[in-house]
Amino acid sequence: MDLGPWPQIPRAQADACAKRVAEIQSTFHDEVDMWDTTMVSEYADEILQYMGELEVQTMPNPDYLDTQAELTVNMRFKLVDWIAQVHMRYHLLPETLWIAVNIMDRFLSKRAVSLEKVQLVGMTALFIAAKYEEIIAPSVEEFVWISDKAFSREEILKGERIVLQTLDFRVSSYCSPYTWVRRISKADDYDLQTRTLSKFLIECTLLDHRFLRAKPSLIAALGMYSARKILGGDWDAPFIFYSGFTAEELDPGHIFLLEKLVDENFAQCSICLKYASKKFLKASLFAIDWAKNNYTTLTQPGVEQKMLMT
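Numbered per UniProt numbering, the sequence shown spans residues 1 to 310.
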């Protein structure tokens, strides 16, 4: 199951996009941060460079499903959906979900796992992520209960040791898309509706194996870009400055997101159900409705190519 490279725009256009990003980043200045000592803006370039290095180091093998004899794309979808369901059940922090899925994908990139142990890997990944990120994490006994006693306390603790040893204990170095969303949100002064909708959209990428090829910074930009498109906003210089991507570079991934949203079964996944609540401004209902009304138009023959060429 070779996914092929991430959708690429024509070389000439890619060079033009890179030139535009460079021009904007050399001329645009964050006037607010310059006078806010708590933002340590003098170190911003070095911090972003280091984050960029970390996101490369913590990327899973995007083709790891090829090495898993018993694990399919659909099974990964169900496993991530189950992790998201448990994550929601215990009201865990948003970062915990991202760390858990990253741990799971990186572990499965290095170790072949039988079908009967796949859920244990997902559970162990969430257990580790919660212990790292949460102030009060669910106990191992609670994970035994949530699995309906499919796995014992000893199996979960043994799984924890195996996963951590396989990953050389590298848990804290992962920078989730939320890290980058916080930066991009500066472009619209942290608009609540855009930010909430973008969080839903980037969490949708967890369920789609195609996004295993995308770095967290790209996923964050895609979420914000798609949220802006849905809400009728533009992608101007401040967004390009803070994200490092132009609209032309994000359009192919935007189509991927729409494909997921219009899937008739997708609305029943745990992430969609979570974001259908009033607490999250019913973001999933709004996004799915918009996608169904606009997907056909955006994917008509020649339209996607036009998006890439204009």
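The C-beta atom is built at its ideal place from N, Cα and C for all residues, glycine as well.
Relative to the C-alpha of residue i, which candidate in the options has its C-alpha closest?
{"i": "residue 200", "options": "223, 214 and 185", "result": "223"}
{"i": "residue 106", "options": "53, 150 and 167", "result": "167"}
{"i": "residue 112", "options": "80, 72 and 100", "result": "72"}
{"i": "residue 68", "options": "277, 157 and 110", "result": "110"}
{"i": "residue 150", "options": "157, 172 and 116", "result": "116"}
{"i": "residue 218", "options": "231, 207, 232 and 240", "result": "240"}
{"i": "residue 28", "options": "173, 129 and 242", "result": "242"}
{"i": "residue 118", "options": "104, 146 and 251", "result": "104"}
{"i": "residue 176", "options": "56, 247, 282 and 297", "result": "56"}
{"i": "residue 257", "options": "91, 30 and 220", "result": "220"}
{"i": "residue 102", "options": "26, 295 and 124", "result": "124"}
{"i": "residue 98", "options": "130, 76 and 90", "result": "130"}
{"i": "residue 259", "options": "87, 91, 80 and 211", "result": "211"}
{"i": "residue 185", "options": "66, 291, 273 and 244", "result": "244"}
{"i": "residue 16", "options": "122, 247, 172 and 148", "result": "247"}
{"i": "residue 63", "options": "76, 85 and 282", "result": "76"}
{"i": "residue 144", "options": "165, 164, 283 and 122", "result": "122"}
{"i": "residue 84", "options": "279, 273, 163 and 230", "result": "273"}
{"i": "residue 142", "options": "164, 96, 86 and 114", "result": "86"}
{"i": "residue 231", "options": "299, 51 and 291", "result": "291"}
{"i": "residue 26", "options": "79, 238 and 146", "result": "238"}
{"i": "residue 261", "options": "250, 165, 234 and 296", "result": "296"}
When we look at the beta-carbon of residue i and count the other beta-carbons within 10 Å, is it buried (16 or more) or exposed?
{"i": "residue 10", "result": "exposed"}
{"i": "residue 187", "result": "buried"}
{"i": "residue 169", "result": "exposed"}
{"i": "residue 236", "result": "exposed"}
{"i": "residue 195", "result": "buried"}
{"i": "residue 153", "result": "exposed"}
{"i": "residue 270", "result": "buried"}
{"i": "residue 203", "result": "buried"}
{"i": "residue 189", "result": "exposed"}
{"i": "residue 208", "result": "buried"}
{"i": "residue 45", "result": "exposed"}
{"i": "residue 53", "result": "exposed"}
{"i": "residue 182", "result": "exposed"}
{"i": "residue 47", "result": "exposed"}
{"i": "residue 40", "result": "exposed"}
Report the CB separation of residue i from residue j in whole angstroms; it is logged as a contact under 8 Å.
{"i": "residue 127", "j": "residue 160", "result": "6 Å"}
{"i": "residue 254", "j": "residue 277", "result": "Residue 254 to residue 277, Cβ: 25 Å. No contact."}
{"i": "residue 93", "j": "residue 134", "result": "6 Å"}
{"i": "residue 58", "j": "residue 132", "result": "Incorrect: roughly 13 Å between the Cβ atoms, too far for contact."}
{"i": "residue 287", "j": "residue 192", "result": "Actually they are not in contact, since the Cβ atoms of residue 287 and residue 192 sit about 15 Å apart, beyond 8 Å."}
{"i": "residue 323", "j": "residue 90", "result": "In this structure the chain extends from 1 to 310, so residue 323 is not present and cannot be described."}
{"i": "residue 267", "j": "residue 275", "result": "The Cβ separation is near 11 Å, so there is no contact."}
{"i": "residue 140", "j": "residue 157", "result": "6 Å"}
Let's see if you can read the secondary structure: which residues bound the alpha helix (DSSP H) around residue i?
{"i": "residue 238", "result": "237-243"}
{"i": "residue 26", "result": "11-27"}
{"i": "residue 161", "result": "153-166"}
{"i": "residue 286", "result": "283-298"}
{"i": "residue 144", "result": "140-146"}
{"i": "residue 90", "result": "That residue, residue 90, is in no alpha helix (DSSP H); it is neither H nor E in DSSP."}
{"i": "residue 229", "result": "216-230"}
{"i": "residue 254", "result": "247-261"}
{"i": "residue 59", "result": "Taken as a continuous stretch (DSSP letters only), residue 59 belongs to no alpha helix (DSSP H), as it is neither H nor E."}
{"i": "residue 280", "result": "Counting along the chain, residue 280 falls outside any alpha helix (DSSP H), and DSSP gives it neither H nor E."}
{"i": "residue 72", "result": "From DSSP, residue 72 is part of no alpha helix (DSSP H); its letter is neither H nor E."}
{"i": "residue 206", "result": "Unbroken run through residue 206: none, as it is neither H nor E."}
{"i": "residue 132", "result": "115-133"}
{"i": "residue 178", "result": "177-184"}
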